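These notes concern the structure reproduced below.
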Amino acid sequence: MKSLHQQIKYIEYEIGKYETAYKINEKKLHEGDSSVILVMALIQDTLQYLNSIKVSLSTLKYTDNDGA
């Protein structure tokens, strides 16, 4: 099993990918492509979920460090 630090780094990596995808779709929206609105909403939901996981893992990490 991966350490909490490795899991947090992986989540941060995934967040970066979704943020990039969001920016690409945001640019398309500004260019007039309204078909990306639903995709952007899904990306936002995914980003919120990933950030929630990151906070949870960070909390576990700091809790584990306090007990060490």
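Basically the working numbering = 1-based index in the sequence shown + 285.
C-beta atoms are modelled at their ideal positions from N, C-alpha and C, and glycine is treated no differently.
In this text the structure is predicted, and so the values were computed from the model without any measurement.
Leaving out five residues on either side along the sequence, give the residues of the same chain with a beta carbon under 7 angstroms from the beta carbon of L345. Residue numbering aside, residue 345 sits at position 60 when the sequence shown is read from its first letter. Here the set comprises L289.
So, helix, strand or coil for G301, using DSSP? What you label residue 301 is simply residue 16 of the sequence shown in a count that begins at 1. Residue state, collapsed to three classes: helix.
### Task
Measure from the C-beta of Y334 to each C-beta in chain B and report whether the shortest distance is under 8 angstroms.
As a matter of chain content, chain B is missing from the structure shown, which is built from one protein chain.
Requested in this report: Would you be able to state if there are at least three C-beta pairs under 8 angstroms between the region 297 to 308 and the region 325 to 341?
Outcome: yes
* Assuming N336 and I293 form a contact by the criterion Cβ under 8 angstroms, report the distance between their Cβ atoms to the nearest whole angstrom. => For the purposes of this step, residue 336 is taken as residue 51 along the sequence shown, with counting starting at 1. For the purposes of this step, residue 293 is taken as residue 8 along the sequence shown, with counting starting at 1. N336 to I293, Cβ: 11 angstroms. No contact.
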